[in-house]
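Visitor: Chains as they are written, first to last, in my numbering: chain A, 1215 to 1377; chain B, 8 to 573.
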Amino acid sequence: MQHTISVMVENEFGVLSRVASLFSGRGFNIDSLSVAPTNEEGLSRMTIVTRGDDKILEQINKQLNKLIDVLKVIDFTDGSGIEREMALIKVTAEDESRAEVLRVVDIFRAKIIDVTPKSYTIEATGNPLKIDAILDLLRPLGLKEVVRTGAVAIGRGAKGWKG
Amino acid sequence: MKMNGARIMLECLKKEGVDTVFGYPGGTVINIYDELFSFKEIRHILPRHEQAGTHAADGYARATGKVGVAIATSGPGATNTVTAIATAYMDSIPMVIVTGQVPTALIGNDAFQEVDIIGITRPCTKHSFLIRDVKDIATIMKKAFYIARTGRPGPVLVDFPKDIQVAMGEFSYPDSVDIRSYKPTVEGHPRQVEKACKMIMESRRPVLYVGGGVVLGDAAEQLTTLARNLGIPVTTTLMGLGSFPGDDQLSLGMLGMHGAYCANMAMTHSDLIIAVGSRFDDRVTGKLATFAPNAKIIHVDVDPTSIKKNVRVDLPIVGDVKDVLAQMIKVTDKEKVKVADFVASLSMWHEEISEWKGKHPISYKSSASIIKPQFVIQKLRELSDDDAIISTDVGQHQMWTAQFFQFNRPRTLLTSGGLGTMGYGLPAAMGAQAAYPGRQVITICGDGGVQMNIQEMATLVQNKLPVKIIILNNNFLGMVRQWQELFFDKRYSQTCMELPIDYIKLADAYGAKGFLATKPEEVESVIQQGFAVDGPVIMEFKIAREEKVLPMVPAGASLNEMVLNA
Ligand SMILES: Cc1ncc(C[n+]2csc(CCOP(=O)(O)OP(=O)(O)O)c2C)c(N)n1
Ligand SMILES: [Mg+2]
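#1: Could you work out which residue in A:1322, A:1232 and A:1285 is closest to residue 1256 of chain A when comparing CA atoms only?
#2: At 9 Å on the CB atoms, spell out the chain A contacts of residue 557 of chain B, in chain order.
#3: Please confirm whether residue 183 of chain B has its beta-carbon closer than 9 Å to some beta-carbon of chain A.
#4: Would you kindly report the start and end of the unbroken alpha helix (DSSP H) that includes residue 207 of chain B?
#5: Whole angstroms is fine: what's the gap from residue 1280 of chain A's alpha carbon to residue 288 of chain B's?
#6: So, at 8 Å on beta carbons, what are the nonlocal neighbours of residue 303 of chain B in its own chain, with the 5 sequence-adjacent residues on each side left out?
#7: Any heavy atom of ligand 4 within a distance shorter than 8 Å of the CB on residue 504 of chain B?
#8: How big is the Cα-Cα spacing for residue 545 of chain B and residue 414 of chain B?
#9: Under 9 Å, Cβ to Cβ, is there at least one residue of chain A near residue 310 of chain B?
#10: Name the chain A residues that come within less than 7 Å of residue 81 of chain B, Cβ to Cβ?
#11: Is the beta carbon of residue 157 of chain B closer than 9 Å to that of residue 191 of chain B?
#12: Following a CB-centred definition, is residue 452 of chain B positioned closer than 8 Å to any heavy atom of ligand 1?
#13: Please name the residue or residues paired with residue 348 of chain B in a DSSP beta bridge.
#14: Does the stretch 482-491 of chain B come within contact of the stretch 513-525 of chain B, defined as at least 3 CB pairs closer than 8 Å?
#15: Specify the secondary structure class of residue 1283 of chain A as computed by DSSP and reduced to three states.
#16: For residue 475 of chain B, name the three-state secondary structure that DSSP assigns.
#17: Give me the DSSP bridge partner(s) of residue 46 of chain B.
#18: Find the residues of chain B that neighbour residue 1369 of chain A, judging by a C-beta separation of less than 9 Å, and give them in chain order.
#19: Kindly provide the ranges of any beta strand (DSSP E) runs that are 3 or more residues long and lie completely inside the stretch 506-559 of chain B, ordered along the chain.
#20: Output the boundary residues of the alpha helix (DSSP H) element that contains residue 153 of chain B.
#21: Start and end of the alpha helix (DSSP H) containing residue 322 of chain B?
#22: Looking at residue 132 of chain B: is its Cβ nearer than 9 Å to the Cβ of residue 96 of chain B?
#23: Applying the criterion that 16 or more other CB atoms from any shown protein chain within 10 Å of the CB defines a buried residue, is residue 457 of chain B buried or exposed?
#24: Return the CA-CA distance between residue 326 of chain B and residue 405 of chain B, expressed in angstroms with no decimal places.
#25: Tell me whether residue 405 of chain B counts as near ligand 1, meaning its Cβ is closer than 8 Å to at least one heavy atom of that ligand.
#26: Beta-carbon within less than 7 Å of residue 1343 of chain A's beta-carbon, same chain only, minus the 5 sequence neighbours each way: which residues are those?
#27: Does any C-beta atom of chain B lie closer than 9 Å to the C-beta of residue 1258 of chain A?
#28: Could you check whether residue 57 of chain B and residue 85 of chain B sit closer than 9 Å to each other, using their CB atoms as the reference points?
#29: For residue 250 of chain B versus residue 227 of chain B, is the C-beta distance shorter than 9 Å?
#30: Less than 9 Å between the C-beta atoms of residue 1291 of chain A and residue 1262 of chain A, yes or no?
#31: Contact criterion: CB-CB distance below 9 Å. Does residue 316 of chain B meet it with respect to chain A?
#32: Can the beta-carbon of residue 307 of chain B be found closer than 9 Å to that of residue 283 of chain B?
#33: What did DSSP end up calling residue 99 of chain B once you bin it into helix, strand or coil?
#34: For a minimum of 4 consecutive residues, which ranges assigned as the alpha helix (DSSP H) are wholly contained in the stretch 418-459 of chain B?
#35: Note down, in chain order, every chain A residue with its Cβ under 7 Å from the Cβ of residue 130 of chain B.
#36: Where does residue 1250 of chain A land, buried or exposed, given buried means 16+ other C-beta within 10 angstroms?
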């Protein structure tokens, strides 16, 4: 089962490689990983999308917590979080397909951010499943290039991650 | 007062109470060595190989419970420490390893003797630091020692670029350390402890399954009290030997692949396993599917990742083993009547166990013509001091030591359990002897592994470290040969050490003394003569060449499927 985990880490030298090598060294999967600083000085937040049964997820959680630079690990899989991802999509758009691309962009509330006579470049954001869906619709029209950020996630409700 | 970074480093070590370091000089640590030249508060021991120096720091740490310290230069010096760091990591040994690094401006340029030692050791260190400013040395060192010794201990590497050793700064050592992302759980949850005690009182076939955590956590006393108060039999892992007196009635000895029949049977038939500071390693559990099929499991460990990693656990207790055991003693002390009933109810279980003990005790066929290795171990036990420290190398001799020495005290067995590093025994003994100049320190080695760090003979002689080196010489890489005999049709591929070595001459060449025994009747006198020498000694015993370590649970078999005599 797929899990989306947030990992709060000290913004220390080598912290990304510690997390990444933990996953590779112990044979855990990473479907996507994104990382950036937070509003708090010295603290970065990683969002990792991973897969495994309960036992593996328990180990991932504990092993991450064991890293000295990890402050907190949150698993959002129980529906307690909201996930968003952004994709930049370069799609072939000539003659009759130009209108079809625009229709899809409109339906998904995406944006055209670059135009040429032969292509559109689209910016789409949403739940990762929504990104999958727009890609499925655009694929028959000719995908030239796709860049995805990987998911980021935040907890629902009024509380921040510290509770 | 301003001083250079190298001096600040030494002041930090002094503040941490370090009295001995093991290190090897080179270009990127030459400034540290220059400071050391006039720094008399720290004793520096120069090994003949950085791997050995780092093993020595490990042996020092295991014997004393303090943090061991090793120093190496960048590049090859640093990579030479890697095996020893991994050895310490697998057995959770507190160490700080300081490596020189090329100047900050050159990092990443493939400079002379540059390696990414932090990258190389990332999977086998508890944590690591690169010092990037002279201002940070003291806080980093404070953190490094704190991380190394707290929680589940482990090696911490500090990479120290040369330009920062030269840079000038103020020295002030922090009094305390607070790492917001590192707060190991020390106290076991009282409710979990109560539940555990209840489960114990309801059990009829309980076993305490004890690992190195009890030795590292200095909880042998609490363990012994609890086991005796409740009359619960105790089996230990290789790393746990010494945490419970081996000659106690309740002792089942070691369990697992080369464990005692009674220990493995007790685990298999138990209804409650109380695991304390142990981690259900595959050498201990055998085939997981058939491991302790009827047992509930209580698992006490300071490291949450150890719990439920390999086996299901009914009651986890995260916490320092000493604290949790002390709490258990308190809780059960309050229920004297219940405890008395419980102890009485175990009599059937004890009977069953003593039947297993009687049926297949750890034993061997003695011989009048050829030296049996087990006999040597028994004689060593008989003739050595009660507080002697024993290190082993890795192989058959290690298992014979575990089976026949009967360790009674914690921190008297130093052995590479998790990584199984050949070459560990001699340098680890060197470290222990440096810590305890007045105690008897003995290393029990095979003829294969002793060669892997034999150069340390020079260090022993130079530093007047009177380690007694026992070589059980079967002229084979015996443990591998045993597997070849049992599972590969006696195809002894590359396990016969054809060249005989004259160890007496070898000892002589280093300025030490050597003795040789080839017949059983010589064993005792060689040991006595060796022990009488006031300096390092090699005692070589030519043993039965194809003796096997038995019993044995073949890899992947169930614990109760032991090969008893093959
Ligand atoms: C560094 C290293 N290399 C290889 C091994 C694999 N190994 C385990 S035991 C053993 C044989 C050891 O032979 P010896 O030191 O003579 O001890 P014996 O088993 O004969 O007592 C070997 C090669 C190891 N554990 N460590
Ligand atoms: Mg041998």
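The beta-carbon is built from N, C-alpha and C at its ideal position, and this holds for glycine as well.
Bear in mind the structure is a predicted one, so any value in this text is a computation, not a measurement.
Guide: From the atom records:
#1: A:1285
#2: Neighbours of residue 557 of chain B on chain A: none; closest Cβ ~35 Å, over 9 Å.
#3: no
#4: DSSP places residue 207 of chain B inside the alpha helix (DSSP H), whose first and last residues are 197-209.
#5: Answer to the nearest angstrom: the Cα atoms are 19 Å apart.
#6: Counting only residues of its own chain and dropping the five nearest sequence neighbours on each side, residue 303 of chain B has a CB closer than 8 Å to the CB of 206, 210, 278, 279, 280, 321 and 322.
#7: As far as ligands go, the structure on display features ligand 1 and ligand 2 and does not contain ligand 4.
#8: 22 Å
#9: yes
#10: Neighbours of residue 81 of chain B on chain A: none; closest Cβ ~17 Å, over 7 Å.
#11: yes
#12: yes
#13: Answer is none; residue 348 of chain B lacks a bridge partner.
#14: no
#15: coil
#16: strand
#17: DSSP output for residue 46 of chain B lists no bridge partner at all.
#18: Under the 9 Å cutoff, chain B gives no residues; its nearest Cβ is about 19 Å from residue 1369 of chain A.
#19: Restricting attention to beta strand (DSSP E) runs no shorter than 3 residues, the stretch 506-559 of chain B encloses them at 520-524 and 544-549, ordered along the chain.
#20: Taken as a continuous stretch (DSSP letters only), the alpha helix (DSSP H) holding residue 153 of chain B covers 144-156.
#21: From DSSP, residue 322 of chain B is part of no alpha helix (DSSP H) but of the beta strand (DSSP E) over 322-325.
#22: yes
#23: buried
#24: 31 Å
#25: yes
#26: none
#27: no
#28: If you check the CB distance, residue 85 of chain B and residue 57 of chain B come in under 9 Å.
#29: yes
#30: no
#31: yes
#32: yes
#33: coil
#34: Runs found: 432-442.
#35: 1235 and 1239
#36: exposed
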